[in-house]
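Quick note: the sequence shown uses the working numbering, first residue 7, plus one each step. All residues carry an ideal CB built from backbone N, CA and C; glycine is no exception. The block underneath contains the structure these notes are about, expressed in structure tokens.
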Amino acid sequence: MRRWTWAVGPLWLAAALFAGCDDDEAAVVDAAQQADVGPDTAVDMPDAGPADAAPPVEQPACDPLDPGSCTLPWPSNLYLVEDDSRATGYALRFADTALPASLATGNPVSPALFSHLDGYGLGTPIMALFPDLDPTQLPDETAIPDSLAEDAAAVLLEVTGDGVRRVPWFVDLDAQAAPGSQRATLLRPAEVLKPATRYVVGFRGLRTEGGAAIMPSEAFAALRDGATDDPALAARQPRFDEVFALLEGAGFARGDLTLAWDFVTASSDALTGRMRSMRDQAFETVGEDGPELVIDEINEYLPADDGSGAPWNPYVALRYKGHFRAPHYMKLDEVYQEKQGYVFNLDEDGRPAQNGWREDVTFYVSVPHGALDGTPHGLIHHGHGMFGDGRDAADLGWTRLCGKYPPRECGWYHGRVDQNHQFITFAGDLKGMSQEDRDEYALTILTDINKFPWITDRLHQGMLEYLLLQRAMMRRFGSLPEVADRGIVINPDENYYWGISQGAIFGSTFLALSDDVHRGVLSVAGVNYATLLDRSRNFEPFFAILAGVYPERIDQLVLMAAMQLLWDGTDGVSYVRHLSADPFPGQSPTQVLVDVARGDYQVAPLTMETVARSGIGLKVLAHYDVDRDVPLVEPVDYPYVGSAMTNWNFGNAWAAPGNVPPEEDPAGDPHENARHMDAMNAQMAHFFRTGEIIDVCAGAPCPDLTDVEGAP
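Structural data, given as structure tokens:
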């Protein structure tokens, strides 16, 4: 059901229009060109003159441009309300009843959850419903260069004061829609969008599978043809006239358009400001050396089984468990289904405010046998996997992959890295997406997305505790009597991060925020959950619950896009630009080595390929794959100094295009394989200490299995 009662101010008057380039001077350039990284500034708008005095116009709660669903097309400019106090000049304001309602509670998703935003996220899907669309008109992820063709049926334009640029994209025609139902068209940007930037979307000449023309909606046709007699539509006409002019400059004739609109991305401050505020406040509170560390438990291990029954491990000598205090920026939310989660504790300006302390923040440290002779060892901060915890860093008895292809020693991959390369590994729990959060309420909150901040707000607290632990390990751990008295020496110049899976997704965030670590390895990495979720087998149980209370598939897609707006505060998609292209104020650039796995069941390589196309510092190394390169990206040769990504092929096929998880493959899930490979670990250790990425695969795609019996 569509709802139509929402009054707003004069958003669509000419005063709210963006500044655009002159038609004759609009520069439509190849989107493969490296993007300039400029300051995060407000979007310019021209003076509208007398129109400023026009009275407010009542706007509908739903956007009539796409009658298929209330908030389509997504991201709709209907909900960008003029606000001169915001960096972009806009505030994101959904109508009270615009977003889907839960069958469990009857409550639509509250617009208050998004009140801090001044635009949409940098990885937002672009969605519309075109009945019975012929999918061959729009390139999928295997044909991204076709999106830049002059005769393409769609276009995505980046609009700045310097002109207009075509952005590459691909389309998912929703593969998870029920048979016979309408399938949403998801146009996904093939690069990370820029903050505080205007984008224009246009579709033209679309046809059904039977070859018939898809007609524009009544509302869009009125705007396109300049025949708006409805006051609400008429108020939007000046903005759309500018959209049409920009599209005509790009070769998209106004009369050919099936649908077109524009939107604005959020500023960096809106996306990352709460997280950075918490970081700065917390370090001012605890001091430059970070929080004091307390050791609660020490486990000792012999290097081999001596027959006495004493614990032994070939790599790990000591396992510490401890805790520290951290400033707390959360408060308890109201009880829901007998559960009670945490949400931001905000001051009157909407910034996180300290609300006491988290008294018992747990951490773990794994020390190899080689550190007991006083040889200085570097520190590796481990970022754990999906809904895991810090115990992963001390992987004693990690044997669930023993005997599985490819050949490797049984388990203990962290311990082997530490012993072979002189590191000490430590970790904590990423609150918000730790095992505790999964067990407590991860499934419950899906019955009402108004509770999703129990995950996304708390992720800010978890990330803060990662940052505090990093500083304390650097400055305090080595001087603890439980450590120093055993002759363990920390190399103060070696501080690195290694995130795996979820730890790699949030690794970009940690590394962009920390000025203590300037080299990190992101294993089976990704960004932008809105793209990853449908392509991951991990989230199939979550989707089953979501579908039970939000049964309409289009509502599920809108919800995932809305959930991403909340995830954006900590998702790496908001932070990758700030690693090296545009570091946060006062911070130095950071290098990352990224590895992905062909055919990964859990984290699709697609999103890191998107980062590599974005011109923000991540390169793709030579010999990426035997079958294909990354579209629109020129590989760089080994050895390479800087940030770059590799692809590991364990015999899996590439996943078929589309927003579905990979099919079962005889090779099994390759997600965890590379981290167990000694070659990958040697590449990582060399990168950590030198910043240089070396070839460990004999001038061919990784891994080098030429001497392995049975390898593909």
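- The straight-line gap separating the alpha-carbon atoms of residue 148 and residue 664 is approximately 10 Å.
- Between the region 490 to 504 and the region 569 to 584 there are fewer than three C-beta pairs closer than 8 Å, too few to call the two in contact.
- Of the residues assessed, residue 491 falls on the exposed side of the cut-off, its CB having fewer than 16 other CB atoms within 10 angstroms.
- Cβ-Cβ separation between residue 180 and residue 559: approximately 7 Å, consistent with a contact (criterion under 8 Å).
- Across the structure, residue 391 and residue 280 are spaced so that their CA atoms are roughly 24 Å apart.
- Cβ contact annotation for residue 569 (same chain, cutoff 6 Å, sequence separation greater than five): 458, in chain order.
- Residue environment analysis places residue 537 among the buried positions, since at least 16 neighbouring C-beta atoms fall within 10 angstroms of its C-beta.
- A distance below 8 Å separates the beta carbons of residue 531 and residue 602.
- Excluding sequence positions up to five before and after residue 81, its CB lies within less than 6 Å of the CB of 126, 130 and 269, all in the same chain and listed in chain order.
- With a threshold of 16 other beta carbon atoms within 10 Å, residue 547 falls short and is exposed.
- In the three-state reduction of the DSSP assignment, residue 164 falls in the strand class.
- Closest in alpha carbon position to residue 211, among 470, 350, 139 and 463, is 139.
- Under DSSP, the beta-bridge partners assigned to residue 107 are 114.
- Judged by DSSP in its simplified three-state form, residue 467 adopts helix.
- Exposure of residue 113 is indicated by the presence of fewer than 16 other C-beta atoms within 10 angstroms of its C-beta.
- Secondary-structure assignment with DSSP links residue 367 through a beta bridge to 330.
- Counting other Cβ atoms within 10 Å of its Cβ, residue 529 reaches 16 or more and is therefore classed as buried.
- With respect to residue 644, residue 701 sits close: the two C-beta atoms are nearer than 8 Å.
- In the three-state reduction of the DSSP assignment, residue 175 falls in the strand class.
- The three-state secondary structure of residue 122, taken from DSSP, is coil.
- Contact annotation, residue 682 with residue 467: C-beta distance approximately 32 Å; criterion of less than 8 Å not satisfied.
- If you look at residue 697, you'll find it isn't in any beta strand (DSSP E); DSSP assigns it neither H nor E.
- Excluding five sequence positions before and after residue 677, the CB atoms of its chain that fall closer than 8 Å to its own CB belong to 507, 530, 603, 606, 607, 608 and 609, given in chain order.
- Taking 8 Å as the cut-off, the Cβ atoms of residue 175 and residue 162 count as close.
- In this structure, residue 106 lies near residue 561, with their beta-carbon atoms less than 8 Å apart.
- Contact between residue 368 and residue 434 is confirmed by a C-beta separation of about 7 Å, below the 8 Å threshold.
- Membership of residue 88 in the beta strand (DSSP E) is indicated by the continuous run 86 to 88.
- Secondary-structure assignment with DSSP links residue 708 through a beta bridge to 654.
- Measuring C-alpha to C-alpha distances from residue 477 to each of 686, 299 and 117 identifies 299 as the nearest.
- Classified as buried, residue 325 has 16 or more neighbouring CB atoms from the shown chains inside 10 Å of its CB.
- Annotation for residue 388: no alpha helix (DSSP H) segment contains it, though the beta strand (DSSP E) segment containing it runs 383 to 389.
- Residue 384 and residue 346 do not touch by the CB rule: their CB atoms are close to 41 Å apart, not below 8 Å.
- Taking each of 248, 692, 221 and 456 in turn and checking the Cα distance to residue 116, the smallest one comes out for 456.
- Pairwise C-beta distances place the region 256 to 270 in contact with the region 220 to 238, as three or more of them are shorter than 8 Å.
- Residue nearest to residue 121 within the set 67, 312, 87 and 618 is 87 (criterion: CA-CA distance).
- Residue 153 and residue 141 do not touch by the CB rule: their CB atoms are close to 14 Å apart, not below 8 Å.
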